[in-house]
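First comes the structure, then the notes that go with it.
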Amino acid sequence: FSTDQKLELALAKGETLFVKHSLDVGNGHRSVALPVQPMASIVSRLLNRRYFLKRVSPNNNRNLNLTDIAGNRFVALRLGAADEIAFTWSSFVGLTDNVELGRMISLKLPMAAAGHIALPVARGPGLLVFKVRGQATMANRREEADAVAPYRLVAWSTDAWFRVFSSQNTVS
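Each number in the numbering used here corresponds to the 1-based position in the sequence shown with 91 added.
Shown next, in the form of structure tokens:
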């Protein structure tokens, strides 16, 4: 997990990054935007302008630089072979070629309340990059997590537990 307004990504040998076509990447060779994993989440990727991604290969030193305007930050998550996370397309920026995209149906109450029932899922190993406004935080254990509105979540483990807090009283 790393986050910054200017993010330097170190890719593994032979790893290629695919990013949304409007993103500028320094220190790399860019190609034409193509559909990556064309059968995964076709409609939601088209609606969120994430269907066509440009391939970026790093120059000699295998590091790529991502920069954005003030107030925005990049979040990079390195997934292990057994890791699976759900995320939102609106904050998605890119992924490496070995990450597998899929879809999951979640009937968890907090996700349903936020309108997240059919969720995009990424399976490792590999790297995922997201863009957020403001400061990003990560909680590894339930005790570390602050109360966060579901619409503010960017990415979370598919086996994460959620609780609903409400000040509403039930009326009989």
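Using N, Cα and C, we set each Cβ at its ideal position, and we do this for glycine too.
With 16 other Cβ atoms within 10 Å as the buried cut-off, status of Gly215: Around the CB of Gly215, 16 or more other CB atoms lie within 10 Å, so the residue is classed as buried.
Closest to Phe109 by CA distance: which of Gly217, Asp250, Arg224 is it? Looking at the Cα atoms, Gly217 is the closest of the given residues.
With DSSP as the reference, label Leu138 as helix, strand or coil. It is helical.
Out of Val127, Ile133, Asn156, which has the shortest C-alpha to C-alpha gap to Val166? Among Val127, Ile133, Asn156, the Cα nearest to that of Val166 belongs to Asn156.
Which of helix, strand or coil does DSSP assign to Ser181? Residue state, collapsed to three classes: helix.
Roughly how many whole angstroms lie between the Cα atoms of Arg140 and Phe183? Using only the alpha carbons, I get a separation of about 10 Å.
Is it true that the stretch 176-195 meets the stretch 133-149, where meeting means three or more beta-carbon pairs spaced less than 8 Å apart? Touching, yes, given that three or more Cβ pairs across the two stretches are closer than 8 Å.
Give me the DSSP bridge partner(s) of Gly117. DSSP, once it has assigned bridges, lists Asn156 as partnering Gly117.
Reduced DSSP secondary structure (H/G/I, E/B, other) of Ile208: Coil.
Straight-line gap, Ser148 to Arg136 (C-alpha atoms, nearest Å): Roughly 23 Å separates the two Cα atoms.
Using a Cβ-Cβ cutoff of less than 8 Å, which residues in the same chain neighbour Trp247 once the five nearest sequence positions on both sides are dropped? Here Trp247 has Ile176, Ala177, Phe178 as same chain residues with Cβ atoms under 8 Å from its own Cβ, once five neighbours each way along the sequence are excluded.
When the Cα atoms are used, what is the spatial distance from Arg224 to Leu98? Straight-line Cα distance between these residues: approximately 14 Å.
Just to confirm my understanding: we take Thr158, look at its own chain, exclude 5 residues before and 5 after, and list those with CB closer than 6 Å. What are they? Close CB contacts of Thr158 within its chain, under the 6 Å cut and outside five residues either way in sequence, are with Lys97 (chain order).
In whole angstroms, give me the CA-to-CA distance for Leu100 and Phe221. Near 13 Å, if we compare the C-alpha coordinates of Phe221 and Leu100.
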